[in-house]
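Colleague:
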Amino acid sequence: MTELRGIAASPGIAIGRAFVYQEEHPQVPQYKISEKKLEAEKERLSAAVERASSDIEGIKNSSHQDLEQDEIRLLDSHLMMLQDPSFFESVYNRLEQDLLNVEWVLHQTVRELLDKLSQSSDAYLRERTADIHDVSKRVLNHLLERDRNSLADLKEERVLVTHDLMPSDAVAMNKRMVRAIVMDAGGKTSHTAIIARSFEIPAVLGLSTVTRTVRDDEQVIVDGNTGVVIVDPDQETLEKYQKILNEWQEHEVQLMRLNSLAAETRDGKLIFLKGNIDIPEEVDSVISHGAVGLGMYRSELLFLRPEGLPSEETQYEAYRQVIEAMDRRPVTIRTLDVGGDKVTDRLQAHDEKNPILGWRAIRLCLSEIELFKTQLRALLRASVHGTLRIMFPMISGIQELNRALDILEEVKAELRDRNVPFEEDIPVGIMIEVPSAALTSDILARKVDFFSIGTNDLIQYTIAVDRGNERIAYLYEPFHPGVIRLIKMVIDNAHAEGLSVAMCGEMAGDPVASVVLLGLGLDEFSMSAVGIPEVKQIIRSISLAEAEELAGNIMELRKSEDVDRTVREYMRQRFDLVVY
Ligand code: PEP
Ligand code: MG
């Protein structure tokens, strides 16, 4: 028995026999050609490219594949790569220069490009190397006249063990037969991880040596919740995991039954459960877990890429993609929140002693007006494609909010002058994550349409405890009476002005905190997609009156540890929750 630990990339547990998918490494011949043969070599390449394109069209059109939007986009991007003139120009130039056979020239050109990309500091770019590798291998196989073996023909349920999975293999594979995926390579944002999550196939990636450890047909346990893979388990381990698997499946079935049901308390208070996302590809999972909207799309990932700041057009496309995919469900996009712990060279103050208290988020946007206006233009233009709400991060007081709202009005006026359509009455809200905003929330509430409480930062600033510092992590207490009082104050002030209040910090997705937050009057909880069913189950099995009673009781307590103990005890007794 061998236990390996990797990245828990897609949740769930599976036990099954391994199918070790060996990537072939074709031997590429190298030989000289005469100048007379140049045209013939170019034609061989075009023919191979054409066949590779029709393979991809074939996968797209094959009737036994239920392809998701993501997968169709991926195949389309491969088709586009096959039509990219600049790449083929570099192959042709080299062909003319070296006078070597075309498969060798293609192989070398791709290798150099992959080397360059794999050294990039950007995870997104590094992971795109898989697409280039995939497309070029398909062309190479046609040049070498070899058939590529396919995962589409998998006939029985197996745990797929592989070094890496070409994106088109992941798309083409017979997913019904794949119980789990384990890989040497891959990270949380790789295509394989995204596809595994959207098909709810458990996956553990980044295992480095799993293909050397597992033999074909060997028994494997995959725990996608914890990132553990056990090869050739002993009887005791097998029985233990069989039990965990049964419990997990039962739990999932129970929770998924709730998907189409509303998050409504027993006495009829309707709560909105929404998803938080960092990249557009997460939208499918948000919908499949029963979210009624997006509570926070952190737009900053678009700005943290090495190729520089995104143009208005790039932003517009990304926002439109998310809004359309959410299909008229409300989408809250947060404007740029860089600085502090989220830095990029282009937007960084290098001389700050306290970056967390420094030039970040809305402060940065208000001094880089063109950058801010570009984002607002892209957002307003995208607003016509569905139901969009704009949210400003890190607002600390009314003057800052007024300035941001003035700039939004200026951008609207400019678009009106140019006859560019946008949603005139687009709702605008702010994050409440700075104590001064919470303390003046009665004033701020008169100026906006909604609040969303960002507990990750609100706790950090209220208790003066760096959220990333392990040494003082014991002070980071969501149930600190100071934090609870601020949350209550924000909710009461908002309700007095008729505003609804969301929470998008991690506390909103913590099942232990659900009843307290409900009792404090929270209207909307926004969290990572997988957390939604559990919180929904809690909300549906309690009344608002009970929740208010618990919240009322803890408001009387003086110490965090008393609040913590009272809430955990309550949740342990009242629900079948594993509470630590
Ligand atoms: C928060 O502060 O709670 C929040 C949601 O924002 P972020 O974690 O992106 O700072
Ligand atoms: Mg924050």
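Be aware that the sequence shown starts at 6, since it is given in our numbering, and climbs by one per residue. Even glycine gets a Cβ: it sits at the ideal position worked out from N, Cα and C.
1) Can you pull every residue whose C-beta falls closer than 5 Å to some heavy atom of ligand 2, listed in chain order?
2) Rounded C-beta distance between residue 400 and residue 374? I'm assuming under 8 Å.
3) Would you identify the three-state DSSP class for residue 228, choosing helix, strand or coil?
4) Mind checking whether the beta-carbon of residue 342 lies closer than 7 Å to any heavy atom of ligand 1?
5) Could you have a look at residue 61 and say whether DSSP puts it in helix, strand or coil?
6) Give me, in chain order, the residues of the same chain whose beta-carbon lies closer than 8 Å to that of residue 569; leave out the 5 immediate sequence neighbours on both sides.
7) Quick check: the stretch 167-179 against the stretch 222-234, are at least 3 beta-carbon pairs closer than 8 Å?
8) Counting along the chain, where does the alpha helix (DSSP H) carrying residue 409 start and finish?
9) Return yes when the C-beta of residue 303 is under 7 Å from any heavy atom of ligand 1, and no when it is not.
10) With a Cβ-Cβ cutoff of 8 Å, do residue 108 and residue 43 count as a contact?
11) Taking residue 476 as part of the beta strand (DSSP E), name the residues at either end of that continuous run.
12) Quick check on this structure: which residue in 141, 104 and 106 has the alpha carbon closest to the alpha carbon of residue 117?
13) Go through its chain and collect everything with a Cβ distance to residue 239's Cβ below 6 Å, but skip five positions before and after it.
14) Given a threshold of 16 other Cβ atoms within 10 Å of its Cβ, counted over all protein chains shown, does residue 380 qualify as buried or as exposed?
15) Using the Cβ count rule (16 or more neighbours within 10 Å means buried), how would you classify residue 512?
16) Is the Cβ-Cβ distance between residue 14 and residue 191 less than 8 Å?
17) Identify every run of the alpha helix (DSSP H) within the stretch 287-338, keeping only runs that are complete inside it and at least 4 residues long; order them along the chain.
18) Run through DSSP, which three-state label would residue 263 get?
19) Taking residue 180 as the reference, give the member of 189, 459 and 201 with the closest Cα.
20) So, with DSSP's three-state summary, where would you put residue 529?
21) For the alpha helix (DSSP H) containing residue 552, list its first residue and its last residue.
22) In this structure, how does DSSP classify residue 104 when only helix, strand and coil are distinguished?
23) Run through the DSSP bridge pairs and tell me what residue 269 is partnered with.
24) Would you kindly work out how many angstroms separate the C-alpha atoms of residue 258 and residue 96, rounded to a whole number?
25) Considering just the uninterrupted stretch of the alpha helix (DSSP H) at residue 428, what are its terminal residues?
26) Roughly how many angstroms separate the alpha carbons of residue 476 and residue 362, rounded to a whole number?
27) If you count every other CB in all the chains shown that lies within 10 Å of the CB of residue 36, and 16 or more means buried, which is it?
28) Please name the residue, chosen from 269, 10, 409 and 563, that lies closest to residue 210 on a Cα-to-Cα basis.
29) Between the stretch 451-464 and the stretch 413-421, are three or more C-beta pairs nearer than 8 Å?
30) Ends of the alpha helix (DSSP H) at residue 377?
31) Where does residue 585 fall in DSSP's three states?
32) Is residue 509 near ligand 1, in the sense that its beta carbon is under 7 Å from a heavy atom of that ligand?
33) Does DSSP put residue 234 in a helix, in a strand, or in coil?
34) How many angstroms separate the CA atom of residue 299 from the CA atom of residue 330?
35) Does the Cβ of residue 68 have 16 or more other Cβ atoms within 10 Å, making it buried, or fewer, making it exposed?
36) Report buried or exposed for residue 438, applying the criterion of at least 16 other Cβ atoms within 10 angstroms of its Cβ.
Modeller: According to the data block:
1) Checking every Cβ against the heavy atoms of ligand 2 under 5 Å gives 438, 459 and 462.
2) In this structure residue 400 is not in contact with residue 374, their Cβ atoms being roughly 17 Å apart against a cut-off of 8 Å.
3) Strand, per DSSP.
4) With a cut-off of 7 Å, the C-beta of residue 342 is classified as near ligand 1, since at least one heavy atom of the ligand falls inside that distance.
5) In the three-state reduction of the DSSP assignment, residue 61 falls in the helix class, which pools H, G and I.
6) Within the same chain, residue 569 has close Cβ partners 482 and 484.
7) Touching, no, given that fewer than three Cβ pairs across the two stretches are closer than 8 Å.
8) Boundaries of the alpha helix (DSSP H) harbouring residue 409: 403-422, taken from the DSSP string.
9) In this structure, residue 303 has its CB closer than 7 Å to one or more heavy atoms of ligand 1.
10) No. Outside cutoff.
11) Premise fails: residue 476 is in no beta strand (DSSP E) and is neither H nor E.
12) Looking at the Cα atoms, 141 is the closest of the given residues.
13) Within the same chain, residue 239 has close Cβ partners 6.
14) Buried, since its Cβ has 16 or more Cβ neighbours within 10 Å.
15) Label assigned to residue 512: buried.
16) Residue 14 is a Cβ neighbour of residue 191, given a cutoff of 8 Å.
17) The alpha helix (DSSP H) runs lying completely inside the stretch 287-338 and spanning 4 residues or more are 288-293 and 317-330, given in chain order.
18) Looking at residue 263 - three-state DSSP - the assignment turns out to be coil, as it is neither helix nor strand.
19) When C-alpha distances from residue 180 are compared across 189, 459 and 201, the shortest belongs to 201.
20) The DSSP-derived three-state label of residue 529 is strand.
21) Per DSSP, residue 552 belongs to the alpha helix (DSSP H) from 549-560.
22) Residue state, collapsed to three classes: coil.
23) DSSP output for residue 269 lists 275 as bridge partner(s).
24) One C-alpha to the other measures close to 53 Å.
25) For residue 428, there is no enclosing alpha helix (DSSP H), since its DSSP letter is neither H nor E.
26) Rounded to the nearest angstrom, the gap between the Cα atoms of residue 476 and residue 362 is 19 Å.
27) Classification of residue 36: exposed, given that the 10 Å Cβ count is below 16.
28) Per the Cα distances, 10.
29) Cβ pair count under 8 Å is below three, so no.
30) First-last of the alpha helix (DSSP H) with residue 377: 374-387.
31) Note that residue 585 has pLDDT 43, beneath the 50 cutoff, so the model's placement of it is unreliable and no number is given.
32) Annotation for residue 509 indicates a beta carbon within 7 Å of some heavy atom of ligand 1.
33) Strand at residue 234.
34) Rounded to whole angstroms, residue 299 to residue 330 spans 11 Å at the Cα level.
35) Here the model assigns residue 68 a pLDDT of 49, short of 50, so the residue's position is not dependable, and the following value carries that caveat. Exposed.
36) With a threshold of 16 other beta carbon atoms within 10 Å, residue 438 meets it and is buried.
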